[in-house]
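Structure record follows, encoded as structure tokens.
Numbering (the numbering used here), first residue to last: 1246 to 1621.
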């Protein structure tokens, strides 16, 4: 069998071996059997909240187990096809099967990294907030491009996306927006996207054909479930209500249904215009505030462990985590991992897995190095 197929098979085998170990394979199979039995119990939905937890855990474990099984079967099929093709001298079929192995190796590595998402909130849904930096229409248009990028990424993964809040720009784009992304490990994947994102392009809003640099920030925090308790003193809250409207002033509410909370001790501000009901928006905004406060605590713990200061950075030069260059050349580069891709259009259409995987791998590597140093 050709050497490249053997090398790819070794890579996939190593990833699958680590996957099985991280999942505690036998325990995962037993737990899946238990959850399948509970899912078939007709009394399960007597408690809708408990039922949703069961179904969610079942879906997560089933995805992990079935993912490994499908990988192993696909590799066996590709290897058999290569053997048959070589025996018959069919180079085209053999090459296609090797290409399949390359794709499987990428998938195995992604799943291997995903199995390392063991943080206490990694499995949770996520809120993703985008804010335009200084620069008016240019920055606001860039913020909307980023929002679309994450919506496309989530949709391609089969995640559910719902808009919690959106503040439109005067001419184009958005000043800010918050979406909720719901799906297995949504927060675990998205958490590495927090930071400042920089765009370089020829402005579509000016006639001088000069390159413009725009900044926008992304902030990701986990949706807090009932396993996590966050206490908020009502005296620490400032509450504002306002009329919510769509782009260009459309769909203006006659009542002040939008709700904004300001947490005075931390300065955190959250808002919800998702529902026509002020009561419902108040509940959504409170969930968002609890999530922000919880994420702040997680950030402080990470900062203490890493010996750095926690907190959000300025939305501007020198603080970016990723550059998106559309002119004078085409390149997206992550400044934390040095990963580069020469197709910005694909990235802006949601092709983010490689960047997220590299950032997660870097985090895992740093954590392991720190643990080894502490052990010594």
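A virtual CB, placed ideally from N, CA and C, is assigned to each residue, including glycine.
Integer Cβ distance of residue i from residue j, believed to fall under 8 Å
i, j, result
"residue 1257", "residue 1343", "Not confirmed; about 12 Å, so no contact."
"residue 1532", "residue 1463", "Their Cβ separation, rounded to whole angstroms, is 20 Å, which puts residue 1532 and residue 1463 out of contact at 8 Å."
"residue 1366", "residue 1426", "That belief does not hold up - the Cβ atoms of residue 1366 and residue 1426 are roughly 13 Å apart, past 8 Å."
"residue 1276", "residue 1299", "At roughly 11 Å, the Cβ-Cβ gap does not stay under 8 Å, so residue 1276 and residue 1299 are not in contact."
"residue 1483", "residue 1509", "6 Å"
"residue 1419", "residue 1406", "Not really, about 15 Å apart at Cβ, beyond 8 Å."
"residue 1433", "residue 1364", "7 Å"
"residue 1361", "residue 1605", "7 Å"
"residue 1541", "residue 1511", "7 Å"
"residue 1465", "residue 1584", "Rounded, the Cβ-Cβ distance is 19 Å, inconsistent with contact."
Buried versus exposed call for residue i [16 or more other C-beta atoms within 10 Å across all chains shown]
i, result
"residue 1260", "buried"
"residue 1450", "exposed"
"residue 1421", "buried"
"residue 1271", "exposed"
"residue 1591", "exposed"
"residue 1442", "buried"
"residue 1357", "buried"
"residue 1266", "exposed"
"residue 1431", "buried"
"residue 1565", "buried"
"residue 1323", "buried"
"residue 1377", "buried"
"residue 1359", "buried"
"residue 1369", "buried"
Under 8 Å between C-beta atoms of residue i and residue j
i, j, result
"residue 1313", "residue 1274", "no"
"residue 1534", "residue 1515", "yes"
"residue 1384", "residue 1448", "no"
"residue 1580", "residue 1568", "yes"
"residue 1375", "residue 1461", "yes"
"residue 1303", "residue 1280", "yes"
"residue 1506", "residue 1528", "no"
"residue 1467", "residue 1404", "no"
"residue 1347", "residue 1289", "no"
Test: residue i CB closer than 8 Å to a CB of chain D
i, result
"residue 1423", "In the structure shown, chain D does not exist; there is a single protein chain."
Nearest neighbour of residue i, chosen from the options [CA to CA]
i, options, result
"residue 1571", "1457, 1357 and 1334", "1457"
"residue 1476", "1418, 1537, 1465 and 1417", "1537"
"residue 1414", "1335, 1429 and 1380", "1380"
"residue 1306", "1428, 1291 and 1293", "1428"
"residue 1249", "1350, 1526, 1582 and 1388", "1350"
"residue 1574", "1444, 1411 and 1403", "1444"
"residue 1518", "1409, 1524 and 1354", "1409"
"residue 1487", "1316, 1478 and 1520", "1520"
"residue 1526", "1501, 1289 and 1544", "1501"
"residue 1247", "1285, 1377, 1332 and 1291", "1332"
"residue 1264", "1524, 1352, 1485 and 1329", "1352"
"residue 1339", "1329, 1348 and 1347", "1329"
"residue 1387", "1373, 1479, 1368 and 1446", "1446"
"residue 1390", "1369, 1402 and 1417", "1417"
"residue 1354", "1316, 1336 and 1286", "1316"
Three CB pairs or more closer than 8 Å across the segment 1591 to 1605 and the segment 1398 to 1414: Taking one beta carbon from each stretch, the segment 1591 to 1605 and the segment 1398 to 1414 have 3 or more pairs nearer than 8 Å; the two touch.
Specify whether the segment 1600 to 1610 and the segment 1433 to 1440 touch according to this definition: at least 3 beta carbon pairs, one from each stretch, less than 8 Å apart. Remark: three or more beta-carbon pairs, one from each stretch, lie closer than 8 Å, so the segment 1600 to 1610 and the segment 1433 to 1440 are flagged as touching.
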